[in-house]
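Student: Heads up, the UniProt record's numbering is the position in the sequence shown plus 179, with the first residue counted as 1. Ideal Cβ placement from N, Cα and C applies to all residues, glycine included. The structure displayed is predicted, hence computed values, not measured ones.
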Amino acid sequence: QIDFIQALQMPGTNEDEKEKETEAEKRKMSIAEVRRSLPVYAFREAFIEAVREHQVLIIEGETGSGKTTQLPQYLYEAGFCEGGKRIGCTQPRRVAAMSVAARVADEVGCKLGTQVGYSIRFEDCTSEKTVLKYMTDGMLLREFLNEPDLASYSVMMIDEAHERTLHTDILFGLVKDIARFRPDLKLLISSATLDAEKFSGFFDDAPIFRIPGRRFPVDIYYTQAPEADYLDAAIVTVMQIHLTQPLPGDILVFLTGQEEIETLQEALMERSKALGSKIKELIPLPVYANLPSDLQAKIFEPTPKDARKVVLATNIAETSVTIDGISYVIDPGFSKQNSFDARSGVEHLHVVTISKAASNQRAGRAGRTGPGKCFRLYTAWAFNNELEDQPIPEIQRTNLGNVVLMLKSLGIHDLVHFDFLDPPPQETLVIALEQLYALGALNHRGELTKLGRRMAEFPCDPCMSKMIIASEKYECSEEIVTIAAMLSCNAAVFYRPKAQVIHADSARKGFWSPAGDHITLMNVYNKWQESNFSQRWCVENYVQHRTMKRARDVRDQLVGLLERVEIELKSSTDTIKIRKAITAGYFYNVSKLDNSGLYKTVKHKHTTYPHPNSCLFEETPRWVVYYELVFTSKEFMREMSEIESSWLLEVAPHYYKGRELEDSTNKKMPKQRGKSAKDLER
Ligand code: ADP
Ligand code: MG
Numbered sequence: 180q181i182d183f184i185q186a187l188q189m190p191g192t193n194e195d196e197k198e199k200e201t202e203a204e205k206r207k208m209s210i211a212e213v214r215r216s217l218p219v220y221a222f223r224e225a226f227i228e229a230v231r232e233h234q235v236l237i238i239e240g241e242t243g244s245g246k247t248t249q250l251p252q253y254l255y256e257a258g259f260c261e262g263g264k265r266i267g268c269t270q271p272r273r274v275a276a277m278s279v280a281a282r283v284a285d286e287v288g289c290k291l292g293t294q295v296g297y298s299i300r301f302e303d304c305t306s307e308k309t310v311l312k313y314m315t316d317g318m319l320l321r322e323f324l325n326e327p328d329l330a331s332y333s334v335m336m337i338d339e340a341h342e343r344t345l346h347t348d349i350l351f352g353l354v355k356d357i358a359r360f361r362p363d364l365k366l367l368i369s370s371a372t373l374d375a376e377k378f379s380g381f382f383d384d385a386p387i388f389r390i391p392g393r394r395f396p397v398d399i400y401y402t403q404a405p406e407a408d409y410l411d412a413a414i415v416t417v418m419q420i421h422l423t424q425p426l427p428g429d430i431l432v433f434l435t436g437q438e439e440i441e442t443l444q445e446a447l448m449e450r451s452k453a454l455g456s457k458i459k460e461l462i463p464l465p466v467y468a469n470l471p472s473d474l475q476a477k478i479f480e481p482t483p484k485d486a487r488k489v490v491l492a493t494n495i496a497e498t499s500v501t502i503d504g505i506s507y508v509i510d511p512g513f514s515k516q517n518s519f520d521a522r523s524g525v526e527h528l529h530v531v532t533i534s535k536a537a538s539n540q541r542a543g544r545a546g547r548t549g550p551g552k553c554f555r556l557y558t559a560w561a562f563n564n565e566l567e568d569q570p571i572p573e574i575q576r577t578n579l580g581n582v583v584l585m586l587k588s589l590g591i592h593d594l595v596h597f598d599f600l601d602p603p604p605q606e607t608l609v610i611a612l613e614q615l616y617a618l619g620a621l622n623h624r625g626e627l628t629k630l631g632r633r634m635a636e637f638p639c640d641p642c643m644s645k646m647i648i649a650s651e652k653y654e655c656s657e658e659i660v661t662i663a664a665m666l667s668c669n670a671a672v673f674y675r676p677k678a679q680v681i682h683a684d685s686a687r688k689g690f691w692s693p694a695g696d697h698i699t700l701m702n703v704y705n706k707w708q709e710s711n712f713s714q715r716w717c718v719e720n721y722v723q724h725r726t727m728k729r730a731r732d733v734r735d736q737l738v739g740l741l742e743r744v745e746i747e748l749k750s751s752t753d754t755i756k757i758r759k760a761i762t763a764g765y766f767y768n769v770s771k772l773d774n775s776g777l778y779k780t781v782k783h784k785h786t787t788y789p790h791p792n793s794c795l796f797e798e799t800p801r802w803v804v805y806y807e808l809v810f811t812s813k814e815f816m817r818e819m820s821e822i823e824s825s826w827l828l829e830v831a832p833h834y835y836k837g838r839e840l841e842d843s844t845n846k847k848m849p850k851q852r853g854k855s856a857k858d859l860e861r
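#1: In chain order, what residues place their C-beta within less than 5 Å of a heavy atom belonging to the ligand ADP?
#2: If you compare alpha carbons, which of Tyr835, Gly352, Glu342 is closest to Phe323?
#3: Whole angstroms are fine: how far does the CA of Arg817 sit from the CA of Asn792?
#4: Measuring only from the beta carbon, is Ala371 closer than 8 Å to any heavy atom that is part of the ligand MG?
#5: Residue ranges of each alpha helix (DSSP H) run of no fewer than 4 residues wholly in the segment 421–469, ordered along the chain?
#6: CB of Ala275 to nearest heavy atom of the ligand MG: below 8 Å?
#7: Considering only the beta carbon of each residue, do Val531 and Val490 sit closer than 9 Å?
#8: Quick one, are the C-beta atoms of Glu651 and Glu747 less than 9 Å apart?
#9: Note down the Cα distance separating residue 137 from Glu636, rounded to an integer number of angstroms.
#10: Give me, in chain order, the residues of the same chain whose beta-carbon lies closer than 6 Å to that of Arg223; leave out the 5 immediate sequence neighbours on both sides.
#11: Can you list, in chain order, the stretches of the beta strand (DSSP E) that have 3 or more residues and sit fully within the segment 522–597?
#12: Counting along the chain, where does the beta strand (DSSP E) carrying Gly757 start and finish?
#13: In its own chain, which residues sit with a C-beta less than 6 Å from the C-beta of Ala257, not counting the 5 before and 5 after it?
#14: Taking 7 Å as the limit between beta carbons, can you name the residues of its chain near Leu470, skipping five residues before and five after?
#15: For Pro676, is the classification buried or exposed, using 16 other Cβ atoms within 10 angstroms of its Cβ as the cut-off for buried?
#16: What do you reckon, is the C-beta of Glu497 under 8 Å from a heavy atom of the ligand MG?
#17: Write down every uninterrupted run of the alpha helix (DSSP H) in the segment 707–787 whose length is 4 residues or greater and which is fully enclosed by it, in chain order.
#18: Is Asp316 near the ligand MG, with its Cβ less than 8 Å from a heavy atom?
#19: Spell out the partners DSSP gives Asp398 in its beta bridges.
#20: Should Asp338 be counted as a contact of the ligand MG given a C-beta to heavy atom distance under 8 Å?
#21: So is Lys484 buried or exposed if we call it buried at 16+ other beta carbons inside 10 Å?
#22: What separation, rounded to the nearest whole angstrom, lies between the Cα atoms of Lys759 and Glu823?
#23: Going by DSSP, what residue range makes up the alpha helix (DSSP H) through Glu286?
#24: Please determine if the segment 409–428 and the segment 377–386 are in contact, where contact requires at least 3 C-beta pairs separated by less than 8 Å.
#25: Helix, strand or coil: how does DSSP classify Met816 here?
#26: On a CA-only basis, which of Lys459, Ala492, His724 is nearest Gln475? Give me that one, please.
#27: Give me whichever residues DSSP pairs with Val295 in a beta bridge.
#28: From the DSSP output, in three-state form, read off Pro251 for me.
#29: Hey, does Ala611 have any beta-carbon neighbour from chain D nearer than 9 Å?
#30: Per DSSP, what kind of secondary structure is Glu829 in: helix, strand or coil?
#31: Val672 by DSSP, collapsed to three states: which one?
#32: Buried or exposed for residue 864, please, with buried defined as at least 16 other CB atoms from any protein chain shown within 10 angstroms of its CB.
#33: Roughly how many whole angstroms lie between the Cα atoms of Glu406 and Leu556?
#34: How many Å lie between Phe810 and Val525 at the Cα?
#35: How far does the beta strand (DSSP E) with Cys268 in it reach, from first residue to last?
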């Protein structure tokens, strides 16, 4: 059993009550006072001067020093938006783009979406008036398609450069190129860690502007032995802190994703409820990528007196968003990372151990406003011997299909010689080209086809874009955009309260289609639409209203884009047509049940398992197409539908050979199964 009680009783650096008082004071400060209290404030004039003098500036400063919220404002105040130009600032994460824009709008004293706005995928909260625009790096990449010289911007800040996301890495190459023929464009590359030298080197030795951080000491504690269950260990540690440490002093726990966060949130509520009025109130607050915006605001609200916040966050809280008042950090040492295995063509999300750099960033979050403590739920030995120094840049471990399509659309043909900060493995580039060729987005010379050009209009990955365009041929665009929207929400559609599991499950089963999960998702949406988008309907059916509203927004946008590529809205009730359109996009993701009763991907014979939530979990049809693989204990296929192998020759003749689909006649079935979807649907 984990026990940090001793550490908590040790006279750490955290005993200084004065520090806590100043912290409490700070909460009462006005916005203007907070702005002046940030470390960047002292460098305001020097910074503006440096931007005037240099075209490219690398900025390095501790997280929370005010880079993201202040620097664009300083430039705006200094007149950099004169002449109707904008200042842009990219963020790797959507939650950060939204919350930072909201904060800056507050500071400027305007309504979000007017002078200060943000743009994230499927959501544009800007207007003609917008001069300070926060956006995800992926959105800026898309803006290049419409405005290849970024003419509407006078300043572009590529923020959180140290995160090295795929999109940010591509942006480095693009903005560096633009800077050459737009001498009036100012570029800021800002980073929270110590890789400034590397960025400077890449940008032709651009000067580095350093903002000295203000960081209080953080005591670091390790477990004596490895923890078998880090979630449980995290709960115990939170409770130990809460029960033994005086207020104020909030807790930040780093977890890997929404599911873990919700589990912990529930467990903590139960524990503190069990202790009742004997203890001070404990307020668990989640932070993760798909957190709805009304919940986002909560994390920044000051902690009520006589209560303690426990922020349950993904690595988004490492550097992207800063929450004031954290004195304790609990770090289990894991994060979720996407990875791509070029050999098997398999792409998935994995839980991995974090790097030393990330681990130190996490610890630093305890020492922002006063001295703090960090509890690492791993051993000191593991830290020293098992953690990599730096994370691997995303570009070297992910599928590049999406960005290759984007770069081709921008007219960049020679990808091998693209100016990469760190190049991707040759093999992954080749695979991306092959996949785009199989999808029909590129011709055999590697040039963009008309189909490819249409696909690039959609802010989706190439498989989804292709599925949407294929809906034209199969005359079911209405249904396909619904399915695409539901898949894009990336959030749970159903909820399953512990006390009502039976009701919830039976409500869920009511939507099931023998054709599979895609049609099931469509059914949910259509029924909701029939209810006039009613919230009550959602409650009665154990459907998440928030997810549905988001799906509706996404769907509206997709419908708008259909118009751009001149696809008419047509509706079909034939689920074969719908599933053919899905297969036209996702034909890489096809698995076949073999004679041993296991699903194997057709091309690479990679074993995949039906997800327990799938409506086909027990049906086990012979051939299935799935949306994605998620790796937890096994490689699970999320959202799968039954298909017929003959469709593969129809939708992907470049990719599949008749021989690979030989037993398509379904002569021998491995085991008894129910009627096929086709029989039932007709
Ligand atoms: P950096 O980019 O250097 O990490 P930021 O500009 O994001 O720093 O944050 C500076 C300060 O602004 C934070 O320490 C915090 O006090 C405040 N802040 C940032 N975002 C918000 C928000 N959404 N709500 C309230 N305060 C915020
Ligand atoms: Mg920042």
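Tutor: Checking against the coordinates, here is how it stands:
#1: That query returns the following residues: Thr242, Gly243, Ser244, Gly245, Lys246, Thr247, Thr248, Ser278, Arg282, Phe479, Thr501, Asp503.
#2: When the alpha-carbon of Phe323 is set against those of Tyr835, Gly352, Glu342, the nearest one is in Gly352.
#3: Their Cα atoms are separated by approximately 8 Å.
#4: For the ligand MG, at least one heavy atom lies less than 8 Å from the Cβ of Ala371.
#5: Qualifying alpha helix (DSSP H) stretches, in chain order: 437–454.
#6: At a threshold of 8 Å, Ala275 counts as near the ligand MG, since its beta carbon sits closer than that to one of the ligand's heavy atoms.
#7: Val531 places its beta carbon 9 Å or farther from that of Val490.
#8: Yes, Cβ-Cβ distance for Glu651 and Glu747 is below 9 Å.
#9: Only positions 180 to 861 of the chain appear in the structure, and residue 137 is not among them; the question remains open.
#10: Only Tyr253 meet the Cβ criterion.
#11: If one requires a minimum length of 3 residues, the beta strand (DSSP E) runs lying completely within the segment 522–597 are 525–532, 551–555, in chain order.
#12: Correcting the residue identity first, residue 757 is Ile in this sequence and not Gly. No beta strand (DSSP E) contains Ile757, which is instead part of the alpha helix (DSSP H) from 754–765.
#13: Annotation for Ala257: Ile227 place their beta carbon closer than 6 Å to its own, counting only its chain and skipping 5 residues before and after.
#14: Contacts found: Val274.
#15: The residue in question, Pro676, is exposed, as its Cβ has fewer than 16 Cβ neighbours within 10 Å.
#16: Not under cutoff, so the answer is no.
#17: Runs found: 714–719, 724–743, 754–765.
#18: No.
#19: Under DSSP, Asp398 takes part in a beta bridge, and its partners are Lys552.
#20: Indeed, a heavy atom of the ligand MG lies less than 8 Å from the Cβ.
#21: Around the Cβ of Lys484, a 10 Å sphere holds fewer than 16 other Cβ atoms; the residue is exposed.
#22: Going by the C-alpha atoms only, they are around 9 Å apart.
#23: 273–287 is the extent of the alpha helix (DSSP H) around Glu286.
#24: The way I'd put it, the segment 409–428 doesn't touch the segment 377–386; fewer than three beta-carbon pairs between them come closer than 8 Å.
#25: Collapsing the DSSP output to three states places Met816 in a strand.
#26: For Gln475, the closest of Lys459, Ala492, His724 by C-alpha to C-alpha distance is Ala492.
#27: Val295 pairs with Leu311.
#28: Correct three-state label for Pro251: helix.
#29: Among the chains in the structure shown there is no chain D, since it carries only a single protein chain.
#30: In the structure shown, the three-state DSSP call for Glu829 is helix.
#31: Val672 falls in the coil class under three-state DSSP.
#32: The displayed coordinates of the chain run from 180 to 861. Any statement about residue 864 would go beyond what the structure contains.
#33: In this model, Glu406 and Leu556 are separated by some 7 Å (Cα to Cα).
#34: Straight-line Cα distance between these residues: approximately 11 Å.
#35: Where Cys268 is concerned, the enclosing beta strand (DSSP E) stretches over 265–270.
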